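Asks: Okay, so the sequence shown: first residue is 0 according to numbering that gives the first Met the number 0, each after it adds one.
I'd like to ask some things about the structure below.
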Amino acid sequence: MRLHALLWLAASLAIGALAAGAEFRVLPYLQNPATDAITVVWFSADNTPGILTVVTDTGVAVTERVSEAEVATALTYPTWEAQRFFDGQPPAPPFVHRERLTGLQPRQSYRYQVQQGAVIADGRFTTAPLPGRGPVRLIFFADCETEPESTGKHTPWPDPTQVGSTRKYLLDQTTGFANNLRVILEREPDLLAIAGDVVESGGEQRDWDEFWKHLGNVDGTNLAGRIPLLAAPGNHEYYEGPSMGKYNQPGSERAVGRFRVYFAGLPDNGTDARGRYYRLDYGPVTLIALDVTNGSPNRSDKDTNFFLLGGDDAGGGRSPGFAPGSEQYRWLESQLADAREHSAFTFVFFHHVPYSVGPHGWPPGTGDGLDEQSGVPVRQLTPLFMRYGVDALFAGHDEIWERSQIDGVERLADGSERSHTLQVYDVGIAGDGLRGPEQGLENPHQRFTAHIDAPEIWVDGILQSGGKHYGHLEVDVLDTKDGRWQAVLKPVYVFPLLDQNGQLIAFERRLYADVVTLTSEGRATVISKAWDFLGSLFHLPGNGFEEELFGFEPAFPNPFNSSVLVRFRIEAEAAVSIDIYDVTGQHVRRLLNESYSAGNHAVEWDGRAGDGGDAVASGVYLLRLESGTLRDTVEVTLVR
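Put into structure tokens, the structure is as follows:
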């Protein structure tokens, strides 16, 4: 586990804005990665062409492009913003540059730089692996809801032990989101997917400026220039803002138009709904983004937003329907059928979580026990997800970290059926709200929620562990020695560390006690348990092993610089120990020593000599697994 110094964000964002230079309005960022291609996007202050240069990781020249600049009139500052914040003289609309790089090699790393006028911005990327190749690391979160007003704004933080508590969270929203991004950057994921509510008000340009300040400057690094971004629209993307038309038309379409300009580099998959719903294949995974921000008929039990008129409503905009019979539904079914034949895992992400004990877990309607922006109508898609064996759904909206588990039946291509389990996540803790459950609302499918299942532990007025915090879901997709695939879903939270005076001094990455592992064989779902502290131990009971019944799976990542996931399997219930040694044979620490049931298990080592111990030096370490007379070893390399 790595400790981080406290981020002084106001200064950091100011530096980031200056570093971009007058020529850049948004630094280069990445979209739509493929095995042989990727899109680089940036925005400039004028129509001067930019120069994009790409080289291999070893410095061999690949290509040099001169971009074409197109004015992005959709990003004009609204009149009220211009008058209130710019004395009537706001910056002119920026110019967008999009370059699709093709002819690249699969799973290869490249470096690039963009020269815009006198300013140069650089970045790097890695192309997607071939289909069925890995490993892959994905990160999902939702509800960034960036706005300048987030600085100094502390969200309500309900106390699990006191109904109706009014306490505020330890960090303001700006710092919480920034620290979340710092952890993500350190983990070096292949993709970052946002399940809606990217900004507070989709129609307010300052909120979008704030988002790109964050993504463009994470401790001086342009995160979006290294990690390709995916996003699904949330209700806030369709919200023009409280000072304008709110969800009314045509203002709502103007609002989501900004989202669609920034994310125009996403796939279109043969539809005219670019940026609203799409599919991306990445190694052994299919990712599908949906737009579920509006159901029809308006203000019915099938509507997810009573205030928004969409494409199926008279006088509505173009927010697509998603119910059976809609164009998006038909498109989704065809994609799911194809994905099941070609991918080990299918993950779907969208905004409105369908199963929840948060404020949007009530059925649609007005009045007590009802909600005008309910996620319940999205349950219309559950039979389809089940039929085609979708593995997990990632959503937000309720901003209450929660996992639900839906059991049902998958129908195979040959007409046969098998039992199937669907995991449903609310990952809406990127940097806005940290809500608790609604009183009187129950979710029979719930398996974990941070409010209840991560109890806060305080010592002398200082929080030691547990609680609801900003964070994300990290998904590692790894192969096994017997040719299967595993997806390890790790709920990450960013824990604030306080001194004896209660002042924030640092933060660290931790795991909630609810890691889930999926296997590609029969899409069997295995639930884990975890320790909520250093070393983050979690058990993965499983079955169905046919070949090697004892030993390690390959560690991941290896080499590593913050933590390494160590997976192993045992044939029968037994006492198991894992010890770590350096290359001289010196014992570094005992990682675990307890009894386990037969099946898959895992432990995450954070590169420390013990719980709360010192960080060990860079080098090669041997992990030895023992159970009775059985032994196995795996070698890992730590690079600081």
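All C-beta atoms, glycine included, are put in the ideal place defined by N, C-alpha and C.
Because the structure is a prediction, the values reported are computed rather than measured.
Just checking my contact of Gly430 with Gln172 at CB under 8 Å: how many whole Å lie between their CB atoms?
Replies: Right, the Cβ-Cβ distance comes to about 5 Å (below 8 Å), so this counts as a contact.
Asks: Alpha carbon to alpha carbon, what distance is there between Ala44 and Leu129?
Replies: Distance between the alpha carbons of Leu129 and Ala44: 38 Å.
Asks: Let me know if Asp641 comes out buried or exposed under the rule of 16 or more other beta-carbons within 10 Å of its beta-carbon.
Replies: Lying outside 0 to 639, the shown extent of the chain, residue 641 is not represented and no answer is given.
Asks: Could you tell me the boundaries of the alpha helix (DSSP H) in which Pro155 lies?
Replies: No alpha helix (DSSP H) holds Pro155; DSSP gives it neither H nor E.
Asks: If you reduce the DSSP assignment to three classes, tell me which class Leu335 lands in.
Replies: In the structure shown, Leu335 sits in a helix (DSSP, three-state: H, G or I).
Asks: Is it buried or exposed, Leu6, if we count other Cβ atoms within 10 angstroms and call 16 or more buried?
Replies: A caution first: Leu6 carries a pLDDT of 39, below 50, which makes its placement in the model too unreliable to give a value.
Asks: Can you grab the Cα-Cα spacing for the pair Asp290 / Val375, in whole Å?
Replies: If I take the Cα positions, the gap works out to 15 Å.
Asks: Using a Cβ-Cβ distance cut-off of 8 Å, determine whether Glu634 contacts chain C.
Replies: Absent from the structure: chain C. Only one protein chain is present.
Asks: Would Glu209 and Pro155 qualify as a contact pair, given that the criterion is a beta-carbon distance under 8 Å?
Replies: No, the Cβ-Cβ distance between Glu209 and Pro155 is not below 8 Å.
Asks: Which residues bound the beta strand (DSSP E) around Phe42?
Replies: Where Phe42 is concerned, the enclosing beta strand (DSSP E) stretches over 37-43.
Asks: Where do the ends of the alpha helix (DSSP H) carrying Lys212 lie?
Replies: Run containing Lys212: 204-215, per the alpha helix (DSSP H) assignment.
Asks: Which of helix, strand or coil does DSSP assign to Tyr168?
Replies: Correct three-state label for Tyr168: coil.
Asks: Measuring CB atoms only, is the region 579-587 touching the region 490-510, in the sense that at least three cross pairs come out at less than 8 Å?
Replies: The region 579-587 is not in contact with the region 490-510.
Asks: Helix, strand or coil for Val377, going by three-state DSSP, please let me know.
Replies: Val377 falls in the helix class under three-state DSSP.
Asks: By a C-beta neighbour count over all protein chains shown, 10 Å radius and 16 as the cutoff for buried, is Ser66 buried or exposed?
Replies: Buried, since its Cβ has 16 or more Cβ neighbours within 10 Å.
Asks: Measuring CA to CA, which of Thr34, Ala71, Ala91 is closest to Leu103?
Replies: Taking only the C-alpha atoms, the option nearest Leu103 is Thr34.
Asks: Indicate the three-state DSSP secondary structure (helix, strand or coil) for Ile183 in the structure shown.
Replies: Helix.
Asks: Do Gly116 and Thr47 have their C-beta atoms closer together than 8 Å?
Replies: Yes, Cβ-Cβ distance for Gly116 and Thr47 is below 8 Å.
Asks: Leaving aside the five residues before and after Ile256 along the sequence, list all residues of the same chain whose C-beta is less than 8 Å from its C-beta, in chain order.
Replies: Inspection of the sequence shows that residue 256 is occupied by Gly rather than by Ile. Here the set comprises Ala73.
Asks: I'd like the list of long-range same chain contacts for Val487, defined as Cβ closer than 6 Å, with 5 residues on each side in sequence excluded.
Replies: Cβ neighbours of Val487 beyond the five flanking positions: Asp475, Thr516.
Asks: If you count every other CB in all the chains shown that lies within 10 Å of the CB of Gly15, and 16 or more means buried, which is it?
Replies: Annotation note: pLDDT 37 at Gly15 (below 50); position unreliable, coordinate value reported separately. When all chains shown are included, Gly15 counts as buried.
Asks: Does the contact criterion of 3 or more C-beta pairs under 8 Å hold for the region 600-614 versus the region 560-578?
Replies: With the cut-off at 8 Å, the region 600-614 and the region 560-578 touch.
Asks: Excluding the five sequence neighbours on either side, which residues of its own chain have a C-beta within less than 6 Å of the C-beta of Tyr76, listed in chain order?
Replies: Within the same chain, Tyr76 has close Cβ partners Pro89, Gln204.
Asks: Just to confirm my understanding: we take Val635, look at its own chain, exclude 5 residues before and 5 after, and list those with CB closer than 7 Å. What are they?
Replies: These residues qualify, in order along the chain: Ala554, Asn557, Phe559, Val563, Tyr620, Leu622.
Asks: Out of curiosity, what's the CA-to-CA distance linking Asp311 and Ser251?
Replies: Rounded to the nearest angstrom, the two C-alpha atoms are 15 Å apart.
Asks: Here's the rule: buried if 16 or more other CB atoms are within 10 angstroms of the residue's CB, otherwise exposed. What is Pro249?
Replies: Exposed: under 16 other Cβ atoms inside 10 Å.
Asks: If we ignore side chains and look at the alpha-carbon of each, how far apart do Asp452 and Phe567 end up?
Replies: Those two C-alpha atoms are separated by around 26 Å.
Asks: Within the continuous alpha helix (DSSP H) that includes Gly269, where are the two ends?
Replies: That residue, Gly269, is in no alpha helix (DSSP H); it is neither H nor E in DSSP.
Asks: Can you give me the start and stop residues for the beta strand (DSSP E) that Ile226 sits inside?
Replies: Element bounds for Ile226: n/a, residue is neither H nor E.
Asks: Rounded to whole angstroms, what's the CA-CA distance from Leu624 to Gly618? Just pull it up for me.
Replies: Spanning the two alpha carbons is a distance of roughly 20 Å.
Asks: Run through the DSSP bridge pairs and tell me what Ala194 is partnered with.
Replies: In the DSSP output, where bridge partners are listed per residue, Ala194 has Ala231.
Asks: Three-state secondary structure (DSSP) at His419?
Replies: Note: His419 maps to strand in three-state DSSP.
Asks: Rounded to the nearest angstrom, how far is the Cβ of Phe384 from that of Phe346, given a contact under 8 Å?
Replies: Actually they do not touch by this definition, with Cβ atoms about 11 Å apart.
Asks: If you drop the 5 nearest sequence neighbours on each side, which residues of the same chain put their C-beta closer than 6 Å to that of Phe448?
Replies: The question names Phe, but residue 448 in the sequence shown is Thr. Once the five neighbours on either side are set aside, the close Cβ partners of Thr448 are Glu401.
Asks: Determine the burial state of Glu63: buried for a count of at least 16 other Cβ atoms within 10 Å of its Cβ, exposed for fewer.
Replies: Looking at its Cβ environment, which holds fewer than 16 other Cβ atoms inside 10 Å, Glu63 is exposed.
Asks: Do you know whose CA, among Met243, Glu437, Thr628, Phe85, lies nearest Trp361's CA?
Replies: If we check each option's Cα against that of Trp361, Glu437 comes out closest.
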